[in-house]
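Counting in my numbering, the sequence shown runs without a single skipped number right up to 517 at its last residue.
Some notes on the structure that comes next.
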Amino acid sequence: MLIPDCPELELIDGFYDSIESARLYQRLLHEQNWPDNRYIVAGRQFILPRLQTWHADPGIRYSYSNNLLETRPWTPLLSGIRTQVESCLNFPFNSVLVNLYRTGEDYVGWHSDNEQELGNQPFIASLTLGSERHLHFRHKKSSDLGQLLLPNGSLLVMKPNFQHDWLHSIPIDPDITEGRINLTFRKVIPAGKEPVD
Ligand SMILES: [Mn+2]
């Protein structure tokens, strides 16, 4: 399904059915060994409003959020999901950022996933497991606004121009009491391999 307000997004609803989505959510919730969300940056404590883990192929380095995250290997569970996402989209990913929004109080503020390590054509696939949350997006120049509900088991494809032209966020939703786990599959370009514009 293309999103009328934003041609750079495509939502694949029901990528996993509700039973498989619930099973994957429960396994990730209990098996991910979630780290503390308090970090020290430049001597000051910083509390991330969600829990995160970062997994990548050997040799992949990423300076996401000032190196807050250690790089972990792929787990068999994450590898299996990756294989299914890759074969659906016919695109090779080499890393995944896993976010746990514990309740509707957890959120992510306005940002683009345009770190240099993602190269100039960042293609990202975002899997939602658990509670539905709204993705908000805002055009960087026109300030056009849109929003999209991300259902349990859906896969959101973010094409490269989405990161170039739009900011996105998951705002607080106080009505939501259950968690959401979001897997964003990415392709980090190894250092020195950055294609020239
Ligand atoms: Mn993002």
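Ideal Cβ placement from N, Cα and C applies to all residues, glycine included.
Check: residue i C-beta below 7 Å from any heavy atom of ligand 1
{"i": "H488", "result": "yes"}
{"i": "H431", "result": "yes"}
Residues sharing a beta bridge with residue i, DSSP
{"i": "A342", "result": "A342 is not bridged to any residue."}
{"i": "N502", "result": "N419 and T448"}
Coil, strand or helix - residue i by DSSP
{"i": "E328", "result": "strand"}
{"i": "Y440", "result": "Checking the sequence, you will find Asn at residue 440 rather than Tyr. Coil at N440, not helix or strand."}
{"i": "V508", "result": "coil"}
{"i": "R453", "result": "strand"}
{"i": "I490", "result": "strand"}
{"i": "I323", "result": "strand"}
Enclosing beta strand (DSSP E) for residue i [first to last residue]
{"i": "Q467", "result": "L465 to L470"}
{"i": "G429", "result": "V428 to H431"}
Where the alpha helix (DSSP H) containing residue i begins and where it ends
{"i": "N481", "result": "P480 to D485"}
C-beta neighbour in chain D for residue i, strict 8 Å
{"i": "I360", "result": "Of the protein chains in the structure, only one exists, and it is not chain D."}
* Asked: Which ranges would you report for the beta strand (DSSP E) in the segment 344-416 if only whole runs of at least 3 residues count?
  -> 358-361, 364-367 and 371-376
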